[in-house]
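Number of protein chains: 2
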Amino acid sequence: MDTSSAHRFAIIDLGSNTARLVVMQAIPGYAYRLVDQVREVVRLRQGMTDEGMSEPAMARGFSSLRLFKRFCDSTAADTILPIATSAVREAANGPVFVDRVAREIGISLQVLDGEREAYYDAIGALNEVPMKEGIVVDIGGGSVQVSDICEGSFHAGASVTLGALALTERFVKNDPATDDEIKGMATEIRRQLDSVTWLREKRGDMLVGLGGTIRNLARIESERVHHPLGTLHGFTLSRDSIEESIQLFRELPLQDRQGIPGLNSDRADIILPGAMVLVAIMDRLDVDSVAISENGVREGVFFERFWQHLSEPVIPDVRRFSVLNLARNYDYEEQHANHVRFLAGRLFEQLTSLHGYGLPERELLDAAALLHDLGRIVGYNSHHRHSQTLVEYNGLPGFSPRESAIIALLTRYHRKGNPDISDYELLLERDDEILLTRLAAILRVAECLERGRNADIDDVIATWSDNVLRMTLISDEYPAVELWQAERNAAQLMEDAFTRSVRFDSFAPPLEWPEGEQRPSHGLPLDQ
Amino acid sequence: MDTSSAHRFAIIDLGSNTARLVVMQAIPGYAYRLVDQVREVVRLRQGMTDEGMSEPAMARGFSSLRLFKRFCDSTAADTILPIATSAVREAANGPVFVDRVAREIGISLQVLDGEREAYYDAIGALNEVPMKEGIVVDIGGGSVQVSDICEGSFHAGASVTLGALALTERFVKNDPATDDEIKGMATEIRRQLDSVTWLREKRGDMLVGLGGTIRNLARIESERVHHPLGTLHGFTLSRDSIEESIQLFRELPLQDRQGIPGLNSDRADIILPGAMVLVAIMDRLDVDSVAISENGVREGVFFERFWQHLSEPVIPDVRRFSVLNLARNYDYEEQHANHVRFLAGRLFEQLTSLHGYGLPERELLDAAALLHDLGRIVGYNSHHRHSQTLVEYNGLPGFSPRESAIIALLTRYHRKGNPDISDYELLLERDDEILLTRLAAILRVAECLERGRNADIDDVIATWSDNVLRMTLISDEYPAVELWQAERNAAQLMEDAFTRSVRFDSFAPPLEWPEGEQRPSHGLPLDQ
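Those protein sequences? They're chains A and B, same order as listed. Every letter in the first sequence is one number past the one before it in numbering that gives the first Met the number 0, and letter 121, counting from 1, is 120. Every letter in the second sequence is one number past the one before it in numbering that gives the first Met the number 0, and letter 37, counting from 1, is 36.
In structure tokens:
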């Protein structure tokens with residue numbers, strides 16, 4: 000991404016438990032990346048009464064906002080988008096607080112009502128998780144939002160005061176919570192969820208979860224199963240896993256809860272009620288799992304600007320955009336990557352009757368073709384390994400962990416080595432190794448045919464018999480470099496993948512290749 | 000590095016054993032990086048007689064050059080710098096070959112005479128290994144060059160026909176080589192080295208080794224000791240280790256030699272004579288070790304252009320430049336990095352009587368300050384870990400492995416965590432952990448004082464008693480963000496490092512900080 004033309008959006012989110020500042024560097028509609036983040040536990044709702052937020056709580060909030068504002072000024076944020084949620088919204092002294100923040104700090108907090116907060120949650124989630132019909136749930140510190148998604152759009156939203164901190168403040172006095180306290184919370188959760196009448200009509204629909212509490216539950220599970228990817232994009236949290244965690248939260252006192260792998264220690268005191276709310280919602284929907292969205296209300300606010308020019312601020316194709324965004328963030332060579340994708344796609348299509356794959360596999364190949372050279376930003380040597388690392392670290396919103404793992408491995412094996420799934424053996428199976436080998440072979444051929452990085456090869460024709468697979472290159476001139484590279488570096492893998500001996504030749508005659516001079520032939524190591 | 004203004008230099012090196020093409024992307028005098036590399040074993044000297052190179056050997060060379068030329072055309076190299084060394088230089092039909100290459104391929108090979116080859120070796124080495132007086136030795140396939148370095152400049156060079164392939168061709172018929180064959184080689188090595196009369200006067204001087212044979216010997220050793228860095232920059236190869244390898248080469252037949260970790264399998268048949276030559280030269284100089292240069296003749300040719308504007312094409316300060324080159328390659332934020340370096344340096348100076356360190360430690364701190372944020376090119380989350388990885392992967396020419404490891408760890412611990420040397424425990428010792436902790440603490444304070452990335456803090460004053468270390472910030476306005484960050488994220492490590500409780504305050508009064516509002520204070524987790 001060309002940083003000189005990028006815009007810096009600072010999103011300030013004053014929540015009931017946590018104040019956050021995230022800075023996104025973005026070229027609207029093109030690409031974005033997180034470039035800075037600060038988080039402070041403010042516990043704004045702590046000690047809240049009918050008269051509103053307590054003085055110490057407001058002082059903590061005020062102090063954080065003052066610091067965030069100065070931080071934005073120092074780091075030259077172009078646009079500040081400040082929001083406040085349930086604590087400020089519900090406090091009797093909320094308007095006074097907002098006025099004072101505007102006057103003394105110069106930040107105009109947009110206080111989201113429950114429906115608006117649910118809307119931004121939905122926008123955040125829809126930009127990460129492809130979904131037609133379903134529910135988005137955001138368990139915050141103060142409130143819980145549920146959003147009704149119909150035909151891929153936000154349809155309705157509701158907010159209930161079932162946030163993790165709100166319930167803890169109201170019901171939990173002992174550590175760990177007593178059975179009576181838990182019973183009291185369960186009753187309250189039931190009562191408030193009953194008020195969201197349309198929730199009943201969504202039985203069996205997809206459930207997407209976001210917010211700190213749910214992310215933490217997912218991290219606990221990802222630690223438990225040794226999830227091999229660096230992010231939670233595409234992660235699914237099972238009901239069984241949440242109940243296992245609830246059991247732990249009920250048994251362990253605070254200090255031991257803080258030691259649970261994956262759980263933020265500053266959230267250990269309020270995690271139990273959040274987990275209970277999630278299970279209660281799953282009960283109502285009658286679903287066994289919740290898909291995790293790393294995006295939430297802040298990203299919703301951000302995407303409203305990023306996709307301002309669209310009729311609705313939602314990526315039309317999450318998977319396509321997440322591949323592009325990654326490629327653009329790492330300054331991919333667009334024409335080279337596109338041409339490798341084109342050539343790989345041409346081979347994939349022609350070989351269909353040999354491999355039997357269809358659109359889902361083609362999409363993985365296309366993605367890997369665009370991403371295969373990412374690692375060059377780290378350095379030329381071993382750049383295929385760096386590509387794998389970068390895909391693994393960033394993750395690919397919209398793709399399942401299995402699909403992301405295959406794409407990461409395809410970038411790894413676009414160059415050198417025998418495809419091997421052992422890095423992700425928890426996600427992949429034996430059939431995936433065959434798939435990986437075939438797609439990697441196709442990608443490696445395409446890369447060799449684009450070794451000059453100049454789109455010299457117009458097309459490739461694949462024909463075969465029972466024993467021989469032949470690929471004929473179409474180009475204006477004799478493609479000496481490409482034949483040499485394909486024979487040396489891709490033929491063997493192609494032979495392994497399609498169990499035929501492999502031949503490369505060319506439409507254009509070898510005009511420049513004098514008789515008697517040694518022609519390229521494979522068999523020796525070449526690239527280093 | 001801004002690639003749009005960068006120049007692409009393609010260096011073609013037609014050696015006796017190997018033909019190589021390397022592509023360097025460079026802004027002369029500013030930064031460079033390797034962006035492509037192709038290598039082909041041509042064995043140009045194989046079967047050479049008094050009449051010159053054999054027809055098959057020339058055909059292999061011709062074929063490679065033709066491919067390299069087309070490759071350069073495709074990938075839009077701006078400048079092609081083609082050289083040929085001993086095989087072409089010594090062959091009776093060398094001039095005919097060169098003419099034909101120029102006429103039919105359009106490449107004007109510069110055939111280096113022995114002294115010129117030794118000159119480029121020296122330029123390559125001097126741009127990587129700081130050296131005043133010493134010898135550079137390059138063991139190639141055909142010839143061996145020795146360069147005499149006086150007062151940091153190339154003084155004289157000589158070439159003898161003791162290359163690994165040349166000796167193998169002439170003396171070795173059996174596998175593994177017999178005692179008689181080894182004796183014959185030893186006699187020939189002695190005879191030819193005697194001809195370089197000035198070598199005797201260099202007894203005890205530093206020896207730097209380069210070229211494929213020596214790099215391979217170093218890689219074998221680095222595998223043997225599990226060297227934890229990603230490169231051989233700063234690596235020292237001991238005489239004992241070379242003799243251990245020679246013993247292996249003498250005992251094992253080719254197939255087993257090819258399995259030696261670190262040895263290129265296509266070099267296993269010619270590695271023994273090269274190792275013998277190196278030991279013979281060490282004997283003459285009476286030295287026990289050879290410093291490895293990853294740069295060689297190709298880089299010498301490249302640096303002649305890169306430093307064309309200097310009186311001599313040698314980096315005035317290898318260490319300083321290698322830090323800058325790395326920072327520039329990863330688009331560091333120059334002003335932020337410089338200001339962190341400045342503030343860290345100010346603290347280091349003032350705290351001298353507490354830590355007792357001097358210029359060598361200061362240099363490590365300065366380097367880490369420039370490199371601390373490298374990992375941001377990968378992504379914001381965990382960028383301190385990425386910084387360590389990037390330093391480890393690239394290495395830092397001019398620094399010893401121990402120094403490089405400390406710099407890598409300083410970038411790691413500029414943010415979060417308790418400094419720990421276990422990643423490099425083979426290189427570091429207990430005292431280094433104390434050094435690391437102190438320098439990391441200073442760097443972390445400097446980073447927090449530059450958290451706004453805008454040079455808001457003009458200076459810092461450090462004063463202390465037996466129990467308290469106080470740091471007073473100088474700035475135009477009250478530095479709320481910096482105090483907050485320093486107290487939260489750097490105070491604890493500073494306390495550990497200097498065994499005093501730590502206080503931060505400010506010259507500028509907290510004008511904007513209303514009475515009764517909570518001031519920043521450390522103790523809670525903050526950044527995520």
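Quick reminder that beta carbons are idealized off the backbone N, C-alpha and C, glycines included. Just so you know, these numbers come straight off a predicted model, no measurement behind them.
Step through the CB atoms of chain A and report whether any lies within less than 7 Å of the CB of residue i.
| i | result |
| --- | --- |
| B:R42 | no |
| B:N453 | yes |
| B:Y379 | yes |
| B:W306 | no |
| B:L33 | yes |
| B:W532 | The question about residue 532 of chain B has no answer, for chain B in this structure spans 0 to 527. |
For residue i, count neighbouring C-beta atoms within 10 Å of its own C-beta (all shown protein chains included) and say buried if the count is 16 or more, exposed if not.
| i | result |
| --- | --- |
| A:S62 | buried |
| A:I11 | buried |
| B:N173 | exposed |
| B:S3 | exposed |
| B:L427 | buried |
| A:R202 | exposed |
| A:N466 | exposed |
| B:R42 | buried |
| A:Q600 | Chain A is shown from 0 up to 527; residue 600 of chain A falls before or after that span and cannot be answered. |
| A:H226 | buried |
| A:V95 | exposed |
| B:W197 | exposed |
| B:G522 | In this predicted model, B:G522 has a pLDDT of only 35, less than 50, meaning its place in the structure is not dependable enough to derive any value. |
| B:D49 | exposed |
Could you name the residues of the same chain whose beta carbon sits closer than 8 Å to that of residue i, not counting the 5 residues immediately before and after it, in chain order?
| i | result |
| --- | --- |
| B:A76 | R7, F8, A9 and V22 |
| A:A439 | L408, L409, Y412, H413, P418, L492 and A496 |
| A:G378 | H385 |
| B:D528 | Missing from the structure shown is residue 528 of chain B; chain B here goes from 0 to 527 and no further. |
| A:D285 | R202 and G203 |
Nearest CA to the CA of residue i: which residue from the options?
| i | options | result |
| --- | --- | --- |
| B:L370 | B:L358, B:R384 and B:N380 | B:R384 |
| A:E180 | A:L166, A:F301 and A:S3 | A:L166 |
| B:R115 | B:V97, B:A91, B:I82 and B:R102 | B:I82 |
| B:A404 | B:L228, B:A58 and B:Q109 | B:L228 |
| B:L13 | B:M470, B:G273, B:D49 and B:M57 | B:M57 |
| B:A279 | B:S505, B:R69, B:T74 and B:V136 | B:V136 |
| A:S288 | A:V501, A:S264, A:T388 and A:S240 | A:S240 |
| A:A290 | A:F398, A:P55, A:A163 and A:P509 | A:F398 |
| B:C149 | B:I122, B:L161, B:F170 and B:A163 | B:I122 |
| A:W483 | B:T498, B:R256, B:R65 and B:L247 | B:R65 |
| B:L325 | B:E50, B:I259, B:P396 and B:V276 | B:P396 |
What in chain C is Cβ-close to residue i, meaning under 8 Å?
| i | result |
| --- | --- |
| B:V480 | Within the model displayed, chain C is absent; protein chains A and B are what it includes. |
Say whether chain B places a C-beta atom closer than 7 Å to the C-beta of residue i.
| i | result |
| --- | --- |
| A:A216 | According to the sequence shown, residue 216 of chain A is Leu rather than Ala. Cβ-Cβ to chain B under 7 Å: no for A:L216. |
| A:W483 | yes |
Cutting at 6 Å between CB atoms, please list the residues of its own chain near residue i, excluding the five before and the five after it.
| i | result |
| --- | --- |
| A:M205 | M130 and G133 |
| B:S85 | S15, G141 and S142 |
| B:Q387 | A407, T410 and R411 |
Apart from the five residues just before and just after residue i, which ones in its own chain have a Cβ nearer than 7 Å to its Cβ?
| i | result |
| --- | --- |
| B:R375 | H382 |
| A:A485 | V444, C447, L448 and F503 |
| A:L525 | Note on A:L525: pLDDT 34, under 50, position unreliable in the model; the coordinate value appears next. So the qualifying residues of the chain are R487 and N488. |
| A:E402 | L363 |
| B:E360 | L434 and L438 |
Proximal residues, the region 60-74 of chain A versus chain B, C-beta separation under 7 Å: F61, S62, R65, L66, R69, F70, S73 and T74
Against chain A: residues of the region 288-303 of chain B by CB proximity under 7 Å: none
Residues of the region 390-407 of chain B with Cβ closer than 9 Å to any Cβ of chain A, in chain order: Y392 and N393
Members of the region 355-379 of chain B that neighbour chain A once the beta carbon cut-off is set at 8 Å: R375, I376, V377, G378 and Y379
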